[in-house]
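Below is one structure, written out as structure tokens; comments come after it.
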Amino acid sequence: MQTQAARSGAAVARVRRLYENVVPNTMACRVEPPEEHICKFVPSGEYLVCFGNMQHDLVVYRYTGWDAACPGERSEPPECLTFNRFFQLAYRSTLAHGAEALCKDFCLAAHGEKYLIVASSTAAAPGSTTAAEAADARVPGTPLVASTTIHLVRLADGQQLDQYTITDDFVHLAHNSGVYLYEDLLAVLAMRSQEVHLLQVLERGRLVWVQRLGRHCWDDDAMLLANQAEAERRWQREQEAAGHVGIVACERGSDAGPSHVRPHHESNRQDVENRRARSDLDQRVPRAEAPHAPASPAPASREQLRLDAPRAAPARTTLALAGPPRLAPAPTLQLPDLLPGGDLSAVGQPAAEPAAEEGGAAAGAGGARGGEGGPSGRGLIEGLTHRILAYLYLERSRGGPRSDELRRFYYYFEKYAGLAVWKVQFLDRDHLLFSVGPGDAALLRSSDVSSQAYFLAVYARGAGRVVDLHDNRSGALLALYLRWPQLFYAACVQSPWAAFATPLPAAVAARAHAERQPSPLWSQPQMVKRLLAGVPTTAQALCASPYLDANLFAFDDKLISAVQRPRPYAEQLLKFVSRAHPERSRFKVQPFFVEAANGRPGSKQVVAYHFHPVLPFVLCLLHTQQQPLQVCIALRT
Numbered sequence: 008m009q010t011q012a013a014r015s016g017a018a019v020a021r022v023r024r025l026y027e028n029v030v031p032n033t034m035a036c037r038v039e040p041p042e043e044h045i046c047k048f049v050p051s052g053e054y055l056v057c058f059g060n061m062q063h064d065l066v067v068y069r070y071t072g073w074d075a076a077c078p079g080e081r082s083e084p085p086e087c088l089t090f091n092r093f094f095q096l097a098y099r100s101t102l103a104h105g106a107e108a109l110c111k112d113f114c115l116a117a118h119g120e121k122y123l124i125v126a127s128s129t130a131a132a133p134g135s136t137t138a139a140e141a142a143d144a145r146v147p148g149t150p151l152v153a154s155t156t157i158h159l160v161r162l163a164d165g166q167q168l169d170q171y172t173i174t175d176d177f178v179h180l181a182h183n184s185g186v187y188l189y190e191d192l193l194a195v196l197a198m199r200s201q202e203v204h205l206l207q208v209l210e211r212g213r214l215v216w217v218q219r220l221g222r223h224c225w226d227d228d229a230m231l232l233a234n235q236a237e238a239e240r241r242w243q244r245e246q247e248a249a250g251h252v253g254i255v256a257c258e259r260g261s262d263a264g265p266s267h268v269r270p271h272h273e274s275n276r277q278d279v280e281n282r283r284a285r286s287d288l289d290q291r292v293p294r295a296e297a298p299h300a301p302a303s304p305a306p307a308s309r310e311q312l313r314l315d316a317p318r319a320a321p322a323r324t325t326l327a328l329a330g331p332p333r334l335a336p337a338p339t340l341q342l343p344d345l346l347p348g349g350d351l352s353a354v355g356q357p358a359a360e361p362a363a364e365e366g367g368a369a370a371g372a373g374g375a376r377g378g379e380g381g382p383s384g385r386g387l388i389e390g391l392t393h394r395i396l397a398y399l400y401l402e403r404s405r406g407g408p409r410s411d412e413l414r415r416f417y418y419y420f421e422k423y424a425g426l427a428v429w430k431v432q433f434l435d436r437d438h439l440l441f442s443v444g445p446g447d448a449a450l451l452r453s454s455d456v457s458s459q460a461y462f463l464a465v466y467a468r469g470a471g472r473v474v475d476l477h478d479n480r481s482g483a484l485l486a487l488y489l490r491w492p493q494l495f496y497a498a499c500v501q502s503p504w505a506a507f508a509t510p511l512p513a514a515v516a517a518r519a520h521a522e523r524q525p526s527p528l529w530s531q532p533q534m535v536k537r538l539l540a541g542v543p544t545t546a547q548a549l550c551a552s553p554y555l556d557a558n559l560f561a562f563d564d565k566l567i568s569a570v571q572r573p574r575p576y577a578e579q580l581l582k583f584v585s586r587a588h589p590e591r592s593r594f595k596v597q598p599f600f601v602e603a604a605n606g607r608p609g610s611k612q613v614v615a616y617h618f619h620p621v622l623p624f625v626l627c628l629l630h631t632q633q634q635p636l637q638v639c640i641a642l643r644t
């Protein structure tokens, strides 16, 4: 009656409050482990997704619950339980063959758990990566994968409906890092080519290509560049046929003798009489041609002459399939101006005095045109890199052509042009959030990201440009992240139940601390970088279990959080204490009563906790190097 009498919109919150009194009270240890690798529960908790040991099969179990495991009036679990007492095999589907292997840590649910999205990859043959291919990678040290395939599978029976393959590239599949799903739009980040493949998951079970962002931002960019290249070749043929007459004339003019025309930079210090006398002399003496600068070699292209070719407006047809943009009702993401010292100046060599404006402008122009003055002699700067550089230049040029911010932009132009996309997520159907930083740090672990300096860029697909950009020390961005987390975790909220998941318990404490203290907590740079290390977020990485809701229970976020990922094993109890009733509502999860390392000190141990999204059920897995899997289950009897 209490849940039914709740006011509109508060029924789910009222139900979750009841979990403070319904907590796990029994530990079942030494559970016989399954033969498959356990991945995750689906958001509803009805199925458990696993993968076969050979990483060829998708194995799905149906959760049966405690009543099926221990029927009758028994209140204590038996000493030894099997995994099959709690889960019943639904099906086994073979998706990979031969050298192809499924990623055992990647799984997404689409269209309300109607479909599963899994991925497989085929490793490149040893020695197949040549020096040219290694140098062609936009991110240094990125491995080469022969093929990466995205599979669309129907959850009910495991039938494969469609697939999409990316060849000769690398997609970071572990823990859904390189793939993001928002409603029916799927973004896949290819690290080597620095391209984002946008796909649409149709209701009838098809994967449809929508757009590709990277070297080109519009579908007709390649055609326009091809037309420009053809016009360039035609212009070169005309110049060769003409024999560069204009340049030869310049050479003859330079040998015609001294000129009476003064350079434009000299000041006029002669009186009117002298100018009149010189004019009379010029009338009597034959006038020589004005001197020209010494002729340079014939240009190879108009790029070296800085001749701009007109470009027609591209057709904007890429959003027709994905439908019109649907913006969230939350406030628009508006980030403040860049901090003076927050622009990757600390990356690489120590900062030095910016060069003079003339030299910096030349370097900037050369890099923007893709000529010899570009960073590291690279070609034409295109796509996302061009959009980011254009936004930085426009922001830094607001103070005028001689501002310090613009000089810093010229000085660090090569570092800006060498930025690589680390991660991508959807904010809504039209806006993408990128994390861009140095290419050599693109494959760092998530725990090391907070120690790096990088940018967070908001890209609008409809406009084809970057609309906002800031570094990872932004106090305004942190305030927005703490106040409106649904902006960043919209893809994880597939139901009203999942809307209460808290991604970072420290964020709740930081928000409470900021409300008590007159000075905001986000004035501390290290705390800001630590809290923003999870942005961009990972799709479907949050567990909606009420026991991982930091607003209901207090726990050590170093040992466990709503973000589902394996953690190093620590011989500490998981303690959960109710925030509303700490004196009478608490429980502990103490798995692995036996010695975990089995007498082998220094063995690598990783623990994974899989909380059921709705029921008081916790599946604890301990992975020890060269040891069998240990399984413990915490449940309520």
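Residue 8 is where the sequence shown starts when you use this note's numbering, and the numbers rise one by one after that.
Glycine residues also receive a C-beta, built at the ideal position from the N, C-alpha and C atoms.
Item: Which residue or residues does DSSP assign as beta-bridge partners of Tyr466?; Value: Leu439, Val473
Item: Between which two residues does the beta strand (DSSP E) carrying Arg593 extend?; Value: 593-596
Item: What is the DSSP secondary structure of Tyr418, reduced to helix, strand or coil?; Value: helix
Item: So, for Arg23: in the same chain, excluding its five sequence neighbours on each side, which residues have a beta-carbon less than 7 Å away from its beta-carbon?; Value: Phe507, Pro553, Asp556, Leu559
Item: Under the three-state reduction of DSSP, which class applies to Ser261: helix, strand or coil?; Value: Low per-residue confidence applies at Ser261: pLDDT is 41, beneath 50, and the placement is therefore not dependable enough to give any value.
Item: Mapping DSSP to helix, strand and coil, what is Leu102?; Value: coil
Item: Under 8 Å, do Pro31 and Arg643 count as touching if we go by C-beta distance?; Value: yes
Item: When you compare each of Ile173, Ala197, His63 to Ser184 by their alpha carbons, which one comes out closest?; Value: Ala197
Item: Since Glu402 is in the alpha helix (DSSP H), which residue starts that stretch and which ends it?; Value: 390-403
Item: Work out the CA separation of His617 and Ala18 for me, nearest whole Å.; Value: 26 Å
Item: How about Leu439 and Leu463: do their beta carbons lie closer than 8 Å?; Value: no
Item: Give me, in chain order, the residues of the same chain whose beta-carbon lies closer than 8 Å to that of Leu476; leave out the 5 immediate sequence neighbours on both sides.; Value: Leu342, Leu345, Ile395, Tyr398, Leu399, Glu402, Phe462, Leu463, Ala464, Val465
Item: What first and last residue would you give for the alpha helix (DSSP H) that runs through Tyr488?; Value: 482-490
Item: Go to Trp225, then tell me how far its beta strand (DSSP E) extends in each direction, as first and last residue.; Value: No beta strand (DSSP E) contains Trp225, which DSSP labels as neither H nor E.
Item: Return the Cβ separation of Phe562 and Leu581 in integer angstroms, given the expectation that the two are a contact with Cβ distance under 8 Å.; Value: 7 Å
Item: Measuring CA to CA, which of Leu168, Leu450, Ala103 is closest to Pro147?; Value: Leu450
Item: For the segment 623-637 against the segment 57-68, are there 3 or more C-beta pairs whose distance is under 8 Å?; Value: no
Item: Just the Cα atoms here: how many angstroms apart are Val49 and Val443?; Value: 31 Å
Item: I need the straight-line Cα distance from Gln571 to Arg414, nearest angstrom please.; Value: 44 Å
Item: Which of the three DSSP states is assigned to Gln664 in this structure?; Value: An answer regarding residue 664 cannot be provided, because it is not within the stretch 8 to 644 covered by the chain.
Item: Can the beta-carbon of Ala67 be found closer than 8 Å to that of Gly165?; Value: For the sequence presented, residue 67 should be read as Val rather than Ala. Yes, Cβ-Cβ distance for Val67 and Gly165 is below 8 Å.
Item: For Leu494 versus Leu434, is the C-beta distance shorter than 8 Å?; Value: yes
Item: According to DSSP, is Cys627 part of a helix, a strand, or is it coil?; Value: strand
Item: Quick one: Cα of Ala498 to Cα of Tyr189, how far?; Value: 5 Å
Item: Using a Cβ-Cβ cutoff of less than 6 Å, which residues in the same chain neighbour Ser404 once the five nearest sequence positions on both sides are dropped?; Value: Leu413
Item: What does the Cβ neighbour count give for Glu237, buried or exposed, with the cut at 16 atoms within 10 Å?; Value: exposed
Item: Using the Cα positions of Arg436 and Leu192, report the straight-line distance between them to the nearest angstrom.; Value: 8 Å
Item: Taking contact to mean at least 3 C-beta pairs separated by less than 8 Å, is the segment 229-247 in contact with the segment 150-160?; Value: no
Item: Identify every run of the beta strand (DSSP E) within the segment 553-587, keeping only runs that are complete inside it and at least 3 residues long; order them along the chain.; Value: 581-585
Item: If Ser585 sits next to Lys536, beta carbons under 8 Å apart, how far is it from one beta carbon to the other, in whole angstroms?; Value: Not really, about 31 Å apart at Cβ, beyond 8 Å.
Item: What does DSSP give as the partner residue(s) for Cys57 in the beta ladder?; Value: Ile45, Val66
Item: Whole angstroms is fine: what's the gap from Asp175's alpha carbon to Tyr70's?; Value: 39 Å
Item: State buried or exposed for Gly541, treating a residue as buried only when at least 16 other CB atoms are found within 10 Å of its CB.; Value: buried
Item: For Gly366, I'd like the list of residues in its chain whose CB is within less than 6 Å of its CB, leaving aside the five on either flank, ordered along the chain.; Value: Low local confidence applies: a pLDDT of 35 at Gly366 is under 50, so the model's placement there is unreliable, and no value is given.
Item: Mapping DSSP to helix, strand and coil, what is Pro293?; Value: For Pro293, the pLDDT reaches just 45, beneath the cut-off of 50, and the residue's location in the model is therefore unreliable, although a value from the coordinates is still provided. Here Pro293 sits in coil by DSSP.
Item: Check the C-beta distance from Phe177 over to Pro150 and give it rounded, since I have them as a contact under 8 Å.; Value: 5 Å
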